[in-house]
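Structure, as structure tokens:
Protein chains: 2
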Amino acid sequence: MTDLSIAAAPEAAAYTVVMKFGGTSVADAERVRRAAERIVAAKEAGSRVVAVLSARGKTTDDLVAMAYEVSARPDPREMDMLLSTGERISCALTAMVINDLGHEAISLTGSQAGIVTDTSHTKARILDVRAGRIDAALSDGKIVLVAGFQGVSTAADVTTLGRGGLDTTAVALAAALGGDCEIYTDVAGVFSADPRIVPDARKLTQASFEEMLEMSASGARVLQLRSVEYARNHGVRIHCRSSFEDRPGTWVLTEEETMERPLVTAVTHSTDEARVTLTGLPDEPGVAGRVMTALAEANVNVDMIIQNEPESMGREADMSFTVPRDDLTPAREALAPLRAELGIADVATDARMGKVSLVGAGMRSYPGVAAKTFSVLGDAGINIEMISTSPIKISVVVREDDVPKAVLELHTAFGLGADAVRPEDPRGVHRPTVPSR
Amino acid sequence: MTDLSIAAAPEAAAYTVVMKFGGTSVADAERVRRAAERIVAAKEAGSRVVAVLSARGKTTDDLVAMAYEVSARPDPREMDMLLSTGERISCALTAMVINDLGHEAISLTGSQAGIVTDTSHTKARILDVRAGRIDAALSDGKIVLVAGFQGVSTAADVTTLGRGGLDTTAVALAAALGGDCEIYTDVAGVFSADPRIVPDARKLTQASFEEMLEMSASGARVLQLRSVEYARNHGVRIHCRSSFEDRPGTWVLTEEETMERPLVTAVTHSTDEARVTLTGLPDEPGVAGRVMTALAEANVNVDMIIQNEPESMGREADMSFTVPRDDLTPAREALAPLRAELGIADVATDARMGKVSLVGAGMRSYPGVAAKTFSVLGDAGINIEMISTSPIKISVVVREDDVPKAVLELHTAFGLGADAVRPEDPRGVHRPTVPSR
């Protein structure tokens, strides 16, 4: 009878956390030590701990420079073999420090960690995660450090993942191990707007996957779109937090798990947009398709598209679309051969455009957000060049110079500031540290 | 009938060569290019080509410095993960250059190359070579670059090999693939003596495995003892040659394959010897064993040992042995506790000793070599402190300062110079480029 209390408490399954550290978090010996201490603290709190590490920023730069020193167009397979060493170096060094701190750590390459990818070198996609080796090491009480951004292809070659691959490695491992994912970064979390533009921007305690996807797609840089998609598809909760302080950051959760549902969660923006306008397009079926196909083949990322109806029976149409500013030259080159072929009258470009977006899951049931957005911007004298909406997002393209003012005005008008009264969320702010499932 | 000549010539099995390049041969972009051109030339000559590469000297130094920046005693497993990246970098860069030269090259890690080792991190030994992947790539017409000095342990961890591991990687792959091994180095081959001491030292066109083993063990640095042992055990012919010139170097072959059998092939030497003399040892069974066991446990490498008979019935003996100079302090420390225990009267050490050796397969049938050696050194006023012999080697320990003179006198006396008349080899010098099997 004496151990009734023990018998009555079913043994809780150990909490598994996959902690991701970027290049700045392991940039030098002192930061490696700090990351190691954070990893050890999680372990000592009773968690099963996996850490996914990036290469030191300088290491990757050095390796890339070495490659271009010997070759103008380095072979992609060999580039992967070369660059994958950077993350291995970070992992080995961090493991040494953790071992010195009295815990047992092992570093694993992407291949050893079971990250199986396709064969698209330098931009591989994860096909499968075979986490058996990690799981066994965790069960032995070890801390596991995984070289991020890399895997082994189905052809048994070393691959590196494409854009966002580091976060995706962490999320994929969390999915395979049934754990949460902690993304350590140099900001304190996800904010209601960029604090450099909006001084009273508020750190969000949580956001839904859908909101985060819209935010990442519309300019919030803190989490990579691809990793958020992976997290949503596999139900992995992400905690996005600072490498440099201990306070909780922002949790990204399923909509059911989020406790607040404000009308607008955040104002995001980007200032590296460009607009292309085609005038005098023949009003024939398939013309827009031809244009978009040419751009896609040139790897140009088209964001917003507006096509005007022909003004009269004159059978000509106009079409505008935005592209990232860096894609403007390839876009022009891709369109050049189509001009004569399709009889396009003119191709005009404007490289100084920006985009401001409002994101919020609460928008679904409040049709008034778009109208309020337009009147706020109109009152501020800001001209709206293009508009696009989704059920939980409104984006407007404005002149680049108008972006900061637009962000500030909208942030204030929708009451997103830290001290703002927020009548649309009567329940107040819920602050989970680790939300219970 | 017109293609009779073709039909009559049976298709020769393709010649396989494993080329090994050390750290200086890939030290910078220009040298990587030169190594790549040499590899491509071998491929274009019709060979199946594997190259085993070292890390750039600077890369390894940088990695070691990084480890000691974060840890005073880096964990060996993690040290292997860290250092193994150096060779991968060299391989990836060289593969990029070869691809630019219009040939298809793939780099493989030690693990991908099938180098299976034991689990002794930082000093692993090769247990097996599973060369299937290399063989398949060669059959596809590819050039294969292998990260040297590393493998994968039976526990699926990255390992690095111990001393001599780079050459051993190349020899082991040549054995597995049925090819020859070319060791590229910064000297032109194996010489009849160190050319820095003996200006007319002759480059040997060939040496037997047994001779090379004795030379490597007695001071010749050009080939690592362990790789020569592996080559002898597996019948792998080694061609040791210069990275910087195209002329043939020195072939190391079975005794049956060598065409010349001089009395003395080379004079080797080392100047980093130290002598330890124990006096007043009790003349009891097991005392020498206790001494040697203590030294072995401290990883002290004992070379020559001389034990004097007790001078009288006084039941005391003297014992002298040589150790590498770097091992002198650990040797003293290992012996300290034994002094009182065994009642050793005195432990004297002399750190300024050297060793001069004559090596030659022809010695077996010429008992006069030892006598001639002693009289040459005696005539030169050089005192011989210790002597040891094998069937094809005579080694003498002399004072370090006497080493250069001893080498010169013996080299001349045995007629080893490039211009010397060599009556003991009436067949002259045979110069194979690739000896036929």
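Protein chains in written order, with our numbering: chain A, 1 to 437; chain B, 1001 to 1437. All C-beta atoms, glycine included, are put in the ideal place defined by N, C-alpha and C. Here the structure is a predicted model, which is why all the values come from computation and not from measurement.
query	result
Thinking C-alpha only, which one of B:Met-1319, B:Val-1017, B:Ser-1025 is nearest Ala-953 of chain B?	Residue 953 of chain B is absent from the model: chain B starts at 1001 and stops at 1437.
Using the three-state DSSP reduction, which class does Phe-21 of chain A fall into: helix, strand or coil?	strand
For Ser-1071 of chain B, would you say it is in contact with chain A, using Cβ-to-Cβ distances shorter than 8 angstroms as the test?	yes
Can you find a C-beta in chain A that's less than 8 angstroms from the C-beta of Arg-1427 of chain B?	Confidence at Arg-1427 of chain B is low in this model, with a pLDDT of 35, below 50, so the placement of that residue should be treated as unreliable; the coordinate-derived value is given next. No, its Cβ sits nowhere closer than 8 angstroms to a Cβ of chain A.
Run through chain B and tell me which residues come within less than 7 angstroms of Ser-107 of chain A, C-beta to C-beta.	Glu-1078, Met-1081
Could you tell me the distance, in whole angstroms, from the CA atom of Gly-1286 of chain B to the CA atom of Met-1215 of chain B?	32 angstroms
Does the beta carbon of Val-1129 of chain B sit closer than 8 angstroms to a beta carbon anywhere in chain A?	no
Quick one: using the 10 Å Cβ neighbour count with 16 as the cut-off for buried, is Tyr-1230 of chain B buried or exposed?	buried
Based on DSSP bridge pairs, tell me the residues matched to Met-1386 of chain B.	B:Val-1397
Can you name, in chain order, every residue of its own chain whose Cβ lies under 8 angstroms from the Cβ of Leu-204 of chain A, other than the five neighbours on each side?	Gly-189, Val-190, Phe-191, Ser-192, Thr-250, Thr-265, Ala-266
Report the rounded CA-to-CA distance for Ser-1375 of chain B versus Leu-1295 of chain B, giving the unit in angstroms.	34 angstroms
Given that a residue counts as buried once 16 or more other Cβ atoms are within 10 Å of its Cβ, and exposed if not, what is Lys-1043 of chain B?	buried
How far does the alpha helix (DSSP H) with Ser-227 of chain A in it reach, from first residue to last?	225-234
Over what stretch of residues does the beta strand (DSSP E) that includes Val-1144 of chain B continue unbroken?	1143-1147
Grab me the residues of Thr-1059 of chain B's own chain with a C-beta within less than 7 angstroms of its C-beta, minus the 5 sequence neighbours each way, in chain order.	Gly-1086, Ile-1089
On the DSSP bridge list, what partners appear for Asn-1308 of chain B?	B:Asp-1318
Once you ignore the five residues that flank Tyr-1366 of chain B on each side, which residues in its own chain have a CB closer than 8 angstroms to its CB?	Leu-1263
Tell me the rounded alpha-carbon separation between Leu-1253 of chain B and Gly-1235 of chain B.	8 angstroms
Which word fits Ala-1136 of chain B, buried or exposed, when buried means at least 16 other C-beta atoms lie within 10 angstroms of its C-beta?	exposed
Ends of the alpha helix (DSSP H) at Gly-1378 of chain B?	1368-1379
In this structure, how does DSSP classify Pro-1282 of chain B when only helix, strand and coil are distinguished?	strand
Beta-carbon of Pro-1074 of chain B versus every beta-carbon of chain A: anything under 8 angstroms?	yes
Does chain B have any CB closer than 8 angstroms to the CB of Arg-33 of chain A?	yes
Suppose contacts are defined by Cβ-Cβ distances below 8 angstroms. Is Ile-98 of chain A in contact with Ile-39 of chain A by that definition?	yes
By a C-beta neighbour count over all protein chains shown, 10 Å radius and 16 as the cutoff for buried, is Tyr-1068 of chain B buried or exposed?	exposed
Would you say Ile-1089 of chain B reaches chain A, if we count a Cβ-Cβ gap shorter than 8 angstroms as a contact?	yes
Which chain A residues are close to Ala-1029 of chain B, counting only those with a beta carbon under 9 angstroms from its beta carbon?	Met-66, Glu-69, Val-70
Consult DSSP for Thr-185 of chain A and reduce its assignment to one of helix, strand or coil.	strand
To which residues does DSSP link Cys-240 of chain A through a beta bridge?	A:Ile-183, A:Thr-250
Using a cut-off of 7 angstroms between C-beta atoms, extract the partners of Asp-100 of chain A located in chain B.	Ser-1071
Applying a beta-carbon distance threshold of less than 7 angstroms, which residues of chain B neighbour Val-97 of chain A?	Val-1070, Ser-1071
If you follow the beta strand (DSSP E) that Lys-1355 of chain B is part of, which residue opens it and which one closes it?	1346-1359
Taking DSSP's pairing of strands, which residues face Ala-207 of chain A in a bridge?	A:Val-252
Is any beta-carbon of chain A found at less than 8 angstroms from that of Ala-1092 of chain B?	yes
Quick one: what's Ser-1107 of chain B bridged to in DSSP?	B:Leu-1145
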